[in-house]
Each structure stands twice: as structure tokens, then as C-alpha cells.
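One structure is given here, and the rest of the page talks about it.
In our numbering, the protein residues as written are 593 to 770.
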């Protein structure tokens with residue numbers, strides 16, 4: 593009787609351990625489709641990232657949706673270290689560029705941004721080697737609000753051309769001339 597109890601107890605402990613260890617909470621389903629990998633989020637939308645940063649086209653337009661499901665943003669560090677990527681167009685459905693999204697993209701020179709963008713995560717364009725040109729569909733005042741948020745541009749040399757014709761030139765966050 594005691595042997596059966598111990599056997600059942602060991603079996604129960606094993607099952608609890610296996611069920612608790614087999615599916616971590618932060619592991620989300622991913623779909624690989626060509627250059628992009630789509631990561632299903634808890635809210636039912638996808639975030640997007642590069643499938644292979646070493647094999648990426650020169651120019652991309654990030655899609656708004658995949659198979660009818662909205663893409664809500666770029667995964668953290670989603671396109672970091674993409675060699676060969678020169679131009680990116682962000683869809684008007686995005687409101688933020690996530691942390692490290694384009695970190696260390698050595699060839700990136702142009703980013704087309706919709707007016708819907710409200711902020712950049714830290715290091716979103718950090719250590720990009722080329723001088724970046726942002727083509728922003730908002731005004732000078734709106735760009736100024738984005739520029740100040742999260743110290744995102746601390747390592748970015750950039751120009752920002754706004755829809756009202758304003759042009760910014762920045763080599764540091766505190767060194768802006770227009």
C-alpha cells in the first residue's frame with residue numbers, strides 16, 4: 593500500500609513538472625514567411641521581425657496586416673543588424689517604433705514615417721552607421737515631440753524632413769539646427 597502511494601505521488605509530481613515546464617508564458621507562436629517572421633500577440637495581432645538579418649532586401653514596406661490579421665508593430669530588436677537594408681516605409685497603423693527596432697543597421701539611410709508615429713523606443717536607430725533621412729508626414733512641432741522622447745536619437749546622425757517643409761539636422765539630441 594505504501595509503495596503504491598509513493599508511486600502515485602512520484603507520477604503526480606512528474607506530471608506537474610512536465611506540464612509546468614513545457615509551455616513558458618513568453619513563448620508565442622511565430623510564422624515564418626519569406627523575409628518576415630510574424631509573432632502572435634495576446635491581443636490577437638502580430639508583431640513583425642526579420643527572418644534572417646543577413647539576407648534582407650535593400651528596401652521594405654512593412655505590411656499593415658498578414659493573412660487578414662493586423663500587424664501592431666515591430667518586435668523589440670525586430671530588424672536590428674539587417675545588412676543591406678537601405679530604406680524602410682512604416683505603415684500608418686503604427687504608433688511607436690520599438691526598442692532597438694533598427695539598431696545597428698549599417699546601410700540604412702532612409703525611413704518613411706507616418707504622422708501616426710508618436711514615439712521611438714530607446715536605441716531604435718542606435719549605432720546605424722549612415723546618416724539617416726527621416727521623411728515624416730507630420731509637422732515640425734510633432735517631430736520635436738518625438739525627437740525628445742526617450743533619448744532615442746543619442747547616437748543617430750539624421751535629417752528629418754517634415755510635411756510642412758521643415759528640415760532638421762541632428763548629430764546629438766542636444767545639437768539640433770533647422
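Each residue gets a CB set at the ideal place from its N, CA and C atoms; glycine is no exception. Everything numeric in this text was worked out from a predicted model, so none of it was measured.
In DSSP terms, what residue i is bridged to
i	result
residue 752	726 and 760
residue 712	689
residue 721	Looking at the DSSP assignment, residue 721 forms no beta bridge with any residue, so it has no partner.
residue 704	681 and 727
residue 695	Its beta-bridge partners do not exist; DSSP assigns none.
residue 651	679
residue 672	Answer is none; residue 672 lacks a bridge partner.
residue 622	631
Span of the beta strand (DSSP E), counted from its first residue to its last, around residue i
i	result
residue 666	661-666
residue 627	That residue, residue 627, is in no beta strand (DSSP E); it is neither H nor E in DSSP.
residue 640	638-642
Any non-hydrogen atom of the ligand ATP within 8 Å of residue i CB
i	result
residue 704	Only the bare structure without any ligand can be found here, which leaves the ligand ATP out of the picture.
Boundaries (first-last residue) of the alpha helix (DSSP H) holding residue i
i	result
residue 740	732-740
Alpha-carbon to alpha-carbon, residue j and residue i
i	j	result
residue 756	residue 731	5 Å
residue 684	residue 715	21 Å
residue 627	residue 737	32 Å
residue 638	residue 720	26 Å
residue 587	residue 686	The requested residue 587 does not occur in the structure, where the chain is confined to residues 593 to 770.
residue 589	residue 620	The chain is shown only over 593 to 770; residue 589 falls outside these bounds and no answer can be derived.
residue 758	residue 722	21 Å
residue 616	residue 696	Any reading at residue 616 needs caution, since the residue's pLDDT is 49, under 50, leaving its predicted position unreliable; the model's value is listed next. In a straight line, the C-alpha of residue 616 is about 30 Å away from that of residue 696.
residue 677	residue 729	22 Å
residue 733	residue 753	12 Å
residue 660	residue 629	15 Å
residue 735	residue 647	32 Å
Pair within 9 Å by beta-carbon distance, residue i and residue j
i	j	result
residue 751	residue 740	no
residue 689	residue 708	no
residue 706	residue 673	no
residue 631	residue 667	yes
residue 727	residue 703	yes
residue 698	residue 675	yes
residue 640	residue 670	yes
residue 658	residue 625	yes
Minimum C-alpha distance to residue i - residue among the options
i	options	result
residue 725	748, 652 and 692	748
residue 718	676, 641 and 691	691
residue 681	649, 696, 659 and 660	649
residue 651	657, 659 and 642	642
residue 693	753, 713, 679 and 754	713
residue 653	660, 647, 679 and 629	679
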